[in-house]
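Comments concern the structure below.
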Amino acid sequence: MLERMLSFYIFVFVSFTAVVFQCDSAPIVYTITYQQYTTVQIGWTQQQVTQNIGSAGNLVSQSGTGNTAITIIKYTGSQSPLAVATFLFQGGILLSKAQIGLDTTVYTITLAQYTAIQTDWTRDQVTKLVGSAGCNVSEAGTGNIAVVIVQYKTAGTTFGIVSLGFVGGKIVSKTEVGFASTVTNKINLLQYNTIQIGWTQQQVTTLLGGSGTIVSQSGTQGSPYQITIVQYVGSQSSLTAVTFLFQGGILSSKAQIGLDTGIYTMTYQQFTTIEIGWTRDQVTNVVGSAGCNVSEAGSGSTAVIIVQ
């Protein structure tokens, strides 16, 4: 339930910040300081927010009526036109808030620190390990259902970002983009093909000689519902990538981009000949090759394979 809640608020955050950047035609610019932003609390009325900031902001989206009415308001950072704060109200009550560029402090995290962080850790535990609290980019809800998305800049990279999702003060997800891969994160096509759905994460690690880079993790540590996404880089090219998704420590799906360097071609006539319900062998016989397995999940009668 907590994971679904976090996913919903991430969706809200991404959706209404995306809307904001597409709606910059308003002639009046309403500004906000970081201090004003941090003062605003979830649960405030729209009027309270307006009084605190000193202006009503730009209305960028409005839908519904009454208690279900959704209103999105945007402000521009007082120090930079590239900084944006957005507030989402439901029925006139602040449901969530988000900011990009308003907090100008640079919070950094190393790969070792990111790897050490576990789901169910508190914000204080993360702060103590990393040395800073990070940047609150999005907040929603209160108390035990309060959702906070915190970001850090990855140390040693230009654009790398780590995002930590907290629900009720505890981590339920973590993701990273930008950490450099190490030799323990290499994989070749033979190894990839050897790994089977249903393997444990330890079996995969043993075969590959390294644990890979955890790019996303959600759920309680040790729980059968914990989701972990691990990434490896092709041994022949840093432009190739392999992703393994584990649920409760068991491999649920795997995918690769660029690891299989074979060139599999198909004509338009062959494509139109193929019918829904055909077997893999029937397709192979018509086309002349088995194609490239880019993604696999499940097993037996529920096995799902994407072939390109």
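Here the sequence shown stands for residues -22 to -1, 1 to 286, where the numbers follow mature numbering (1 follows the signal peptide of the UniProt record, and there is no 0). Glycine is no exception: its CB is placed at the ideal position from the N, C-alpha and C atoms.
Residues in its own chain within less than 7 angstroms of Ser3 by CB, not counting five upstream and five downstream?
Counted from its first residue, the sequence shown places residue 3 at position 25. The pLDDT assigned to Ser3 is 49, lower than 50, so where the model puts this residue is not dependable; a value taken from the coordinates is nonetheless given after this. Cβ neighbours of Ser3 beyond the five flanking positions: none.
Thr93 - DSSP class collapsed to helix/strand/coil
Mapped onto the sequence shown, residue 93 falls at position 115. Three-state DSSP puts Thr93 in a helix.
Residue interval of the alpha helix (DSSP H) (run including Phe249)
Sequence index remark: in the sequence shown, residue 249 carries index 271 (1-based). In the DSSP annotation of this structure, the continuous segment of the alpha helix (DSSP H) that includes Phe249 starts and ends at 246 to 251.
Should Gly197 and Ile207 be called a contact, given that it needs their Cβ atoms to be closer than 8 angstroms?
By one-based count along the sequence shown, residue 197 stands at place 219. By one-based count along the sequence shown, residue 207 stands at place 229. Not a contact, by the Cβ cut-off of 8 angstroms.
Is the distance from the Cβ of Phe65 to the Cβ of Val27 below 8 angstroms?
Taking the sequence shown and counting its residues from 1, the one referred to as residue 65 is at position 87. Taking the sequence shown and counting its residues from 1, the one referred to as residue 27 is at position 49. In this structure, Val27 lies closer than 8 angstroms to Phe65 by Cβ.
Can you tell me whether Ile31 is buried or exposed, with buried defined as 16 or more other CB within 10 angstroms of its CB?
The count along the sequence shown starts at 1 and reaches residue 31 at position 53. The residue in question, Ile31, is buried, as its Cβ has 16 or more Cβ neighbours within 10 Å.
Relative to the alpha-carbon of Gln179, which residue among Gly200, Ser116, Phe224, Gly146 has its alpha-carbon at the smallest distance?
Mapped onto the sequence shown, residue 179 falls at position 201. Ranking the options by Cα distance to Gln179, first place goes to Phe224.
So residue 287 and Val7 are in contact, right, with Cβ under 8 angstroms, and what is the actual spacing, rounded?
For the chain, the structure presents residues -22 to 286; residue 287 sits outside this window and is missing.
Could you name each continuous alpha helix (DSSP H) segment of 4 residues or more that falls completely within the stretch 120 to 147, going from the start of the chain to the end?
none
With the cut-off set at 8 angstroms, would you say Ser201 and Lys152 are in Cβ contact?
Taking the sequence shown and counting its residues from 1, one reaches residue 201 at position 223. Taking the sequence shown and counting its residues from 1, one reaches residue 152 at position 174. Not closer than 8 angstroms, so no.
Tell me the DSSP bridge mates of Tyr210?
By one-based count along the sequence shown, residue 210 stands at place 232. For Tyr210, which the question treats as bridged, DSSP gives the partners Val220.
Is the beta carbon of Val150 sitting closer than 8 angstroms to the one on Thr97?
Counting from 1 along the sequence shown, the entry for residue 150 is found at position 172. Counting from 1 along the sequence shown, the entry for residue 97 is found at position 119. In this structure, Thr97 lies closer than 8 angstroms to Val150 by Cβ.
Rounded to whole angstroms, how far is the Cβ of Ser213 from the Cβ of Asn166, which I believe are closer than 8 angstroms?
Position 235 of the sequence shown, counted from the first residue, corresponds to residue 213. Position 188 of the sequence shown, counted from the first residue, corresponds to residue 166. About 5 angstroms; that satisfies the 8 angstroms criterion.
Put Arg101 into one of helix, strand or coil per three-state DSSP.
Against the sequence shown, residue 101 aligns to sequence position 123. If DSSP states are grouped into helix, strand and coil, Arg101 belongs with the helices.
Looking only at its own chain, which residues have a Cβ that is under 8 angstroms from the Cβ of Tyr211, when we skip the five neighbours before and after it?
Here residue 211 refers to the residue found at position 233 of the sequence shown. Reading off the sequence, residue 211 comes out as Val, not Tyr. For Val211, where only same-chain residues beyond five positions count, the Cβ hits under 8 angstroms are Ser159, Asn163, Lys164, Ile165, Thr218, Ala219, Val220.
Are the beta-carbon atoms belonging to Ser286 and Gly269 less than 8 angstroms from one another?
Here the question's residue 286 lines up with position 308 in the sequence shown. Here the question's residue 269 lines up with position 291 in the sequence shown. The sequence shown places Gln at residue 286, not Ser. It is a contact, given that the beta carbons lie within the stated cut-off.
Which whole-angstrom value describes the C-beta separation of Gln40 and Val62, a residue pair presumed to lie in contact below a C-beta threshold of 8 angstroms?
Your numbering for residue 40 matches position 62 in the sequence shown. Your numbering for residue 62 matches position 84 in the sequence shown. The pair is not a contact, with the Cβ atoms about 18 angstroms apart (cut-off 8 angstroms).
Determine the burial state of Ser74: buried for a count of at least 16 other Cβ atoms within 10 Å of its Cβ, exposed for fewer.
Translated into positions along the sequence shown, residue 74 becomes position 96. So Ser74 counts as buried.
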